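What follows is a short report on a single structure.
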Amino acid sequence: MSRNPPPSDKGWKISSLTDKSGRTYIFSYCNKWDPVKKQSRNAGTRQIGRVEPSGLISFSDRYLSDHPQFKTGDWYYEKNQIVQRSASEIAEAVKKSLFDYREQSLQVGLTYGAWALAQENHLLEDLKEVFGEELGKELLELGIYQLDSPGSALMNFEDWLALVYLPDAHPVDGRRLSESLKSVNQEKIDAYFKLRHERARVHAQNRRRALKSRDPERYIPPQTLAFDSTSISTYSKTITDAAYGHAKQNPELAQVNLTLVCDYDTGDTVYGYESEGSINDKAIFSEIINRMYMTGFDLNDTLVVTDRGYSTMYNVQKELNLEMKFLTGIPLKEDSVKRAFKKHFQSLRSPAFYSGKYGCASFTYSESWTQATPAGQLTVPVYVHLYYNEVRAAEEKQSLISAIDVILEKKDQGLAIDYDKWHEYSKYLKEVKNKAGKTHWIRDNTAIEKALEFSGCFAIKSNEIKDGFEALSVYRQRNMIEQAFEQFKNKTEGARMFATQTTYLGKLFIHMLAQSLRMMMHMSAMRQDGRAKKTLPGNSLEKAFMQLRALQAYRPLGRNVWLTKVPTKKQRDLLSLLSLPLPPNQLRH
172 MSRNPPPSDK GWKISSLTDK SGRTYIFSYC NKWDPVKKQS RNAGTRQIGR
222 VEPSGLISFS DRYLSDHPQF KTGDWYYEKN QIVQRSASEI AEAVKKSLFD
272 YREQSLQVGL TYGAWALAQE NHLLEDLKEV FGEELGKELL ELGIYQLDSP
322 GSALMNFEDW LALVYLPDAH PVDGRRLSES LKSVNQEKID AYFKLRHERA
372 RVHAQNRRRA LKSRDPERYI PPQTLAFDST SISTYSKTIT DAAYGHAKQN
422 PELAQVNLTL VCDYDTGDTV YGYESEGSIN DKAIFSEIIN RMYMTGFDLN
472 DTLVVTDRGY STMYNVQKEL NLEMKFLTGI PLKEDSVKRA FKKHFQSLRS
522 PAFYSGKYGC ASFTYSESWT QATPAGQLTV PVYVHLYYNE VRAAEEKQSL
572 ISAIDVILEK KDQGLAIDYD KWHEYSKYLK EVKNKAGKTH WIRDNTAIEK
622 ALEFSGCFAI KSNEIKDGFE ALSVYRQRNM IEQAFEQFKN KTEGARMFAT
672 QTTYLGKLFI HMLAQSLRMM MHMSAMRQDG RAKKTLPGNS LEKAFMQLRA
722 LQAYRPLGRN VWLTKVPTKK QRDLLSLLSL PLPPNQLRH
């Protein structure tokens, strides 16, 4: 080790300053004795450069110009000294620092469990295949970071890593992480999700064969994928796809759209696609299907489930022409659906069509569609399932009329009415005059009756499932996944994004990885709910995560290992419920 103070800097000392963002800068200064005031006064200051997290100095161009001896070699800042180290000294210091940056006690339950879950389900293997050994591992670490610390900035990653256990993890500063995220593009995302989809497809085929062997007569759906989209608000002015759309939250911000495709069985995200913020779900669906086909996704034995937001005649025809199996919700504003409900209302109100298990009545009829194939056009059936839920109808009626009555009461009392409420409900009111010629407001019962004409009604369309209640069962599972999809925005803080054009796709991707892990745990908990009295505490993954963070490991004095504290029965049950392994008794870096 050698210290090399420049001859021209004799009498100058070195010090450092760390700003509020954690960046450390070093400078040299010289003091001079003031004989009048009889105290030492600053006689000059020179900027030297910035200290990287590794300790290596990044010299300023001006300082290197004045001190060319620092242009070669690796220079470090230690104890107010500029120090040059040999390669062997650096290697030894790095080896020691792998343990030094971590605290004596680490949170281990959630982070180790998430890492092991990713390994068991081959997420890490697939990431490394597409992005390379180091970057693939780094992306998974960032995904777990977002899972455990939703919405946290990249600059805090190092601080978080010192508090938790992840195998073979190294502290990386925010600037380096930003450079890593720049290498994430849609083509690599497609390649990664193609691997994820293939694994989910094989899993679904094995499950179907096993169930068929036990019950040959039972209908077992093929691999089932749920599509859902969300808008991501952004403060950035540099993202080219950011546009003003129809966001329910933060409408004043531009947004990008993110569509996720989720596997029913595993909960894993098997495709993610970012699109321009003003494009709606109906328009983007065809583009996503085309891209999945062009990328080589095998959708031949796949059931695609979408909600009403994706349903158009064009999209149905697209799926038929591609020979895809689909199940989609139908908007009740379609005239053909309205006519069908009016025609079959009597049947839907009959006990003969009612299921106590599903809490509604179902009536099915078929439509004839034309399918374009290489051999020519074929006529194929598409099944339309109509449903009526009298309880929901009563709730919708009660909710609407109660809201109208509140508006009327405020009108009678001369109170101010919220603009949005008035805009929503004023169409159900009308102004009349009494015998004395004084005007007042009353319900417009004709308008209310028209609004409630199809209350309690909903419809599903499919070319795969003929039975209405089987179709409803599959569709309701999608609703469960849809609720979990909300976690992307509300629980992994994906609703808003601080990013630039070069890094925002990478940030979206690590949110997708966090969502994949979260959904796997969610689906595991749903499958086991109630078995052997295993349930999510408070029906909340957040509460479960908090309890898992309480499981810690500590480092005995003088040893570079951490010993896991004995988990409680509650923690063991929780790990089992989420399909997470128990951490080993002894953990190494």
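So for the sequence shown, this note's numbering puts the first residue at 172; every next one is plus one.
C-beta atoms are modelled at their ideal positions from N, C-alpha and C, and glycine is treated no differently.
All values derive from a computational prediction rather than experimental measurement.
Item to check | Residue(s) in a DSSP beta bridge with E445 | outcome: L429
**Request:** Look at the alpha carbon of S186 and the alpha carbon of Q210, and state the distance between them as a whole number of angstroms.
**Result:** 20 angstroms
Inset, instruction - Note down the Cα distance separating G280 from S687, rounded to an integer number of angstroms. - result: 18 angstroms
Rank Q252, K359, N451, E291 by C-alpha distance to the C-alpha of P301 and give the top, closest one. Checking the sequence shown, residue 301 turns out to be Val, not Pro. Out of Q252, K359, N451, E291, K359 has the C-alpha closest to the C-alpha of V301.
Can you tell me whether M484 is buried or exposed? The criterion is at least 16 other CB atoms within 10 Å of its CB, across all chains shown. So M484 ends up on the exposed side.
Can you tell me whether M465 is buried or exposed, with buried defined as 16 or more other CB within 10 angstroms of its CB?
exposed
Next on the checklist: For a minimum of 3 consecutive residues, which ranges assigned as the beta strand (DSSP E) are wholly contained in the segment 481-530?
Outcome noted: 496-501
Requested in this report: Could you check the C-alpha separation between D589 and F534 for me, to the nearest Å?
Outcome: 41 angstroms
* To do: Can you have a look at L337 and say buried or exposed, based on whether 16 or more other CB atoms are within 10 angstroms of its CB?
  => buried
**Message:** Using the three-state DSSP reduction, which class does P708 fall into: helix, strand or coil?
**Reply:** Of the three classes helix, strand and coil, the one that applies to P708 here is helix, per DSSP.
> What does DSSP give as the partner residues of R614 in its beta bridges?
Replying inline: L600
For the alpha helix (DSSP H) holding G547, just list the boundary residues, first then last.
Per DSSP, G547 belongs to no alpha helix (DSSP H); it is in the beta strand (DSSP E), 547-559.
* To do: Rounded to whole angstroms, what's the CA-CA distance from P522 to I636? Just pull it up for me.
  => Approximately 23 angstroms between the Cα atoms of the pair.
Notebook entry, point to check: Looking at A642 and L498, is the spacing between their C-beta atoms short of 8 angstroms?
Noted result: Yes, these two residues count as a Cβ contact at 8 angstroms.
Nearest-angstrom Cα distance between K419 and Q278?
For K419, the pLDDT reaches just 49, beneath the cut-off of 50, and the residue's location in the model is therefore unreliable, leaving the point undetermined.
Fill in: Cβ contact check for the segment 555-571 and the segment 524-542: 3 or more pairs under 8 angstroms
yes
task = Could you say if the segment 345-352 and the segment 304-317 meet the contact criterion of at least three C-beta pairs nearer than 8 angstroms?
result = yes
Along the chain, which unbroken stretches of the alpha helix (DSSP H) at least 4 residues long are found entirely within the segment 313-372?
-> 328-332, 345-353
### Query
Just reading off the beta strand (DSSP E) that T437 is part of, what are its end residues?
Run containing T437: none; DSSP gives neither H nor E here.
Review point. So is P206 buried or exposed if we call it buried at 16+ other beta carbons inside 10 Å?
Key: Exposed, since its Cβ has fewer than 16 Cβ neighbours within 10 Å.
Q) In three-state terms, what does DSSP make of I636? A) The DSSP-derived three-state label of I636 is coil.
Run of the alpha helix (DSSP H) containing S236, from where it starts to where it stops
232-237
Problem - Neighbourhood of G480 by C-beta distance below 6 angstroms, restricted to the same chain and skipping five residues each side - result: D452
Suppose the cutoff is 6 angstroms on Cβ atoms and the five residues either side in sequence are ignored; what does the same chain contact list for S276 look like? Q723, Y725
Handout entry: DSSP-derived helix/strand/coil call for V577
Key = helix
Review point. Between E490 and V475, is the Cβ-Cβ spacing less than 8 angstroms?
Key: Using a Cβ distance threshold of 8 angstroms, E490 and V475 count as a contacting pair.
Task: Span separating the alpha-carbon of F230 from that of M697 - done: The C-alpha of M697 is placed about 55 angstroms away from the C-alpha of F230.
Using 8 angstroms as the cut-off, can you tell me whether the segment 431-445 makes contact with the segment 338-348, which would need three or more C-beta pairs spanning the two stretches below that distance? As far as the Cβ criterion goes, the segment 431-445 does not touch the segment 338-348, which means the pair count is below three.
*S259 to W246, Cα distance in whole Å?*
14 angstroms
field: Buried/exposed call for R739, threshold 16 Cβ in 10 Å
entry: It should be pointed out that residue 739 corresponds to Thr in this sequence rather than to Arg. Result: exposed.
query = Just to confirm, are F113 and N486 a CB contact at a threshold of 8 angstroms?
reply = Absent from the model: residue 113. The displayed extent of the chain is 172 to 760, so no value can be given.
| My guess is that K632 and I501 are in contact by the Cβ rule of under 8 angstroms, so how many angstroms apart are they, rounded? | 5 angstroms
> Where do the ends of the beta strand (DSSP E) carrying F198 lie?
Replying inline: 195-205
Item to check | Nearest to R759 (by Cα), restricted to the options T674, V335, R563 | outcome: V335
Report task. Use the C-beta contact count for T477: other C-beta atoms within 10 angstroms, 16 or more gives buried, fewer gives exposed. Result -> So T477 ends up on the buried side.
Exercise for the section: Look up N650 in the DSSP assignment and say whether it is helix, strand or coil. Expected result: helix
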